[in-house]
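A.B. asks:
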Amino acid sequence: MSYRRVVMLLALVVVLAVPVRAEGHSVMIWYLPHPDDETIGMADAIHQSVLACNTNYFIFFTKGENSLARHGLKGPDGTSYQLSPGEFGQARVNETLAALQVLGVGPENVIFFDYPDGAIPQEAVERTIEFFATLYPGAVHNTVSIYDDHEDHQTLARALASAANRFEPELNTRYYSVYIYRNPTLLDSDVVEKHPVANPSAKSDALAQFTHWDPAAGRYAIAGFSTPDLVAAAAASPYEYVQSASGAAKHWPRPKPFLKLSNLGLELGLPIQDRVSIAGMFDFTKASLGSEVALRLQDDIPLIQLVASLGYHFGEGKPYLGFSAEFGRHYFVTVRHIWKADTQLGIGLKANTF
């Protein structure tokens, strides 16, 4: 048995040691990709669940140790701090446990797995969901949204939807959007439901834990440093944003064609599977057409997506290999090597078309 499986089993034993729900109350299970997602996206829902005397279990699949914020932490006096991945992950755990404590959740109801930040395996998430669904029939299963612009968030959303469909009756699911504040078009769309925040002060106090600075206690205000816009927007918002189970299925996003413009040329692509796309391009530098198949690679780097491609350059009459790094939603750098002809470097923008 692998070390990871042993850790998972031990963590589940800890969860099972927590007393089960009181008669007449619900079990709420919260599946999170990273520390701070729970408070930014669903703090008030968690607090209301605690006030309703539900039993709440929190399963974090990573400690968020691969965030690039690890390399640029600075204290209020300007002092730089360089943490190891382990130290950084533990600091994020400390923040989240403090925030959950404010919301009424003790550490005995929280477990952390150590899957790679940026590459959570969907099958492992599905097995975990199935375990809890079998253990607690009728529980409410909560996670993040497919519309969140982060691969780990989309993995958890897909895993919950996939697992839910295998149960009869189908699981009671809820999908909370964490990154919606960066995508204003969704705020007033029919994709999400607006749930009014019932206790703004509790939510605000919980979010304040992510701006608390105390290195001696392992507190480095990480979420406040790495995602200050999300922390501030969540604190100011009178709503939390949720897809209902039926709404999530009805509005599940389909792959959209995309357009890429760089100093090398113009490219129009179409995803045909989760990680595979086809594209046609016009090379500005050679006034020629080309076509390619691209594969989005599994990687451990949050907010950076690596892409490998194989294509044919009609102007040169030769195949080419490409390698790109996409940053966030809209920026990329690419290297294209045309067989025995040329190597090109491009920088550009990417956007979905319609």
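Per this note's numbering, the very first residue in the sequence shown carries number 271; after that it's consecutive. For every residue, glycine included, the Cβ atom is placed at its ideal position computed from N, Cα and C. Keep in mind the model is a prediction, meaning the values are calculated, not measured.
1. Might you give, ordered along the chain, the residues of its own chain that have their beta carbon closer than 6 Å to the beta carbon of Thr-425, omitting 5 neighbours on each side?
2. How is Ile-399 classed by DSSP in three states: helix, strand or coil?
3. To the nearest angstrom, how far is the alpha carbon of Ala-339 from that of Pro-439?
4. Where are the alpha helix (DSSP H) runs, 4 residues long or more, that stay fully inside the region 443-504, in chain order?
5. Could you give the residue range of the alpha helix (DSSP H) that holds Ile-390?
6. Using C-beta distances below 7 Å, list every residue in its chain close to Gly-334, excluding the 5 sequence neighbours before and after it, in chain order.
7. CB-CB under 8 Å to Ser-516, same chain, minus the five flanking residues each way: which ones, in chain order?
8. Apply the 10 Å Cβ neighbour rule to Thr-613 and answer buried if 16 or more other Cβ atoms are within range, or exposed otherwise.
9. Indicate the three-state DSSP secondary structure (helix, strand or coil) for Arg-545 in the structure shown.
10. Taking just the CA atoms, how far does Ala-611 sit from Thr-309?
11. Rank Gly-616, Glu-596, Asn-469 and Ala-427 by C-alpha distance to the C-alpha of Leu-567 and give the top, closest one.
12. Suppose the cutoff is 7 Å on Cβ atoms and the five residues either side in sequence are ignored; what does the same chain contact list for Leu-430 look like?
13. May I have the straight-line CA-CA distance separating Lys-520 from Ser-558, to the nearest angstrom?
14. Would you mind working out which of Pro-508, Gly-550 and Ser-337 sits nearest Ala-315, comparing C-alpha positions?
15. Which word fits Tyr-655, buried or exposed, when buried means at least 16 other C-beta atoms lie within 10 angstroms of its C-beta?
16. Return helix, strand or coil for Thr-425, following the three-state DSSP convention.
17. For Ser-319, collect the residues of the same chain with a Cβ closer than 7 Å to its Cβ; drop the 5 residues on either side in sequence, then sort them by chain order.
18. Hey, Phe-330 and Phe-382: beta-carbon distance below 8 Å or not?
19. By how many angstroms is the C-alpha of His-607 removed from the C-alpha of Leu-591?
20. Pull the bridge partners of Arg-606 from the DSSP assignment, please.
21. State the DSSP-derived secondary structure class of His-341, mapped to helix, strand or coil.
22. From Gly-587 to Lys-344, what distance separates their C-alpha atoms?
23. Consider the C-beta atom of Leu-529 and the heavy atoms of the ligand FAD; say whether any pair is separated by less than 7 Å.
24. Just to confirm my understanding: we take Ala-368, look at its own chain, exclude 5 residues before and 5 after, and list those with CB closer than 8 Å. What are they?
25. Taking just the CA atoms, how far does Gly-539 sit from Leu-529?
26. Pull up the distance between the alpha-carbon of Lys-464 and that of Thr-497, whole angstroms please.
27. Between Ala-409, Phe-495, Thr-332 and Tyr-446, which lies nearest to Ala-324 when the distance is taken from Cα to Cα?
28. Assign Ala-578 to buried or exposed, taking buried as 16 or more other Cβ atoms, counted over all protein chains shown, within 10 Å of its Cβ.
29. Quick check on the DSSP output: what are the complete alpha helix (DSSP H) runs of length 4 or more inside the region 325-380, in order along the chain?
30. On the premise that Val-395 lies in contact with Phe-328, defined as a C-beta separation below 8 Å, what is that separation, rounded to the nearest angstrom?
31. Can you give me the start and stop residues for the alpha helix (DSSP H) that Thr-309 sits inside?
32. Over the uninterrupted beta strand (DSSP E) stretch that includes Ile-299, give me the two end residues.
33. Based on Cα-Cα distance, which residue from Val-372, Asp-422, Arg-436 and Leu-531 lies nearest to Gly-629?
34. Beta-carbon separation of Glu-510 and Val-546 under 8 Å?
C.D. replies: If we stick to the structure as given:
1. Ile-390 and Gln-392
2. helix
3. 42 Å
4. Listed in chain order, the complete alpha helix (DSSP H) runs (minimum 4 residues) inside the region 443-504 are 454-457, 470-478 and 492-496.
5. DSSP places Ile-390 outside any alpha helix (DSSP H), giving it a letter other than H or E.
6. His-304, Pro-305, Gly-359, Arg-362 and Asp-387
7. With a pLDDT of 47 at Ser-516, under the threshold of 50, the modelled position of this residue cannot be trusted; read the value that follows with caution. Around Ser-516: no qualifying Cβ.
8. exposed
9. In the structure shown, Arg-545 sits in coil (DSSP, three-state: anything other than H, G, I, E or B).
10. 53 Å
11. When only C-alpha atoms are compared, the closest one is Glu-596.
12. Around Leu-430: Tyr-301, Ile-399, His-411, Thr-413 and Thr-443.
13. Only weak support exists for where Lys-520 lies, its pLDDT of 48 falling under 50; the value from the coordinates is given anyway. One C-alpha to the other measures close to 41 Å.
14. Pro-508
15. Given that the chain is displayed from residue 271 to residue 624, the structure contains no residue 655 and the question cannot be resolved.
16. helix
17. Hits under 7 Å: Met-298 and Asn-326.
18. Against a cut-off of 8 Å, the Cβ pair of Phe-382 and Phe-330 comes out as a contact.
19. 5 Å
20. Gly-592 and Gln-614
21. His-341 falls in the helix class under three-state DSSP.
22. 52 Å
23. You won't find the ligand FAD in this model; it holds no ligand whatsoever.
24. Gln-479, His-482 and Arg-489
25. 6 Å
26. 22 Å
27. According to the sequence displayed, residue 324 carries Asn and not Ala. The shortest C-alpha separation from Asn-324 is found at Ala-409.
28. exposed
29. Listed in chain order, the complete alpha helix (DSSP H) runs (minimum 4 residues) inside the region 325-380 are 355-373.
30. The beta-carbon distance between Phe-328 and Val-395, rounded to whole angstroms, is 14 Å. This is too long to meet the 8 Å contact definition.
31. 307-321
32. 297-302
33. Outside the displayed range of the chain (271 to 624) lies residue 629, so it cannot be described from this structure.
34. no
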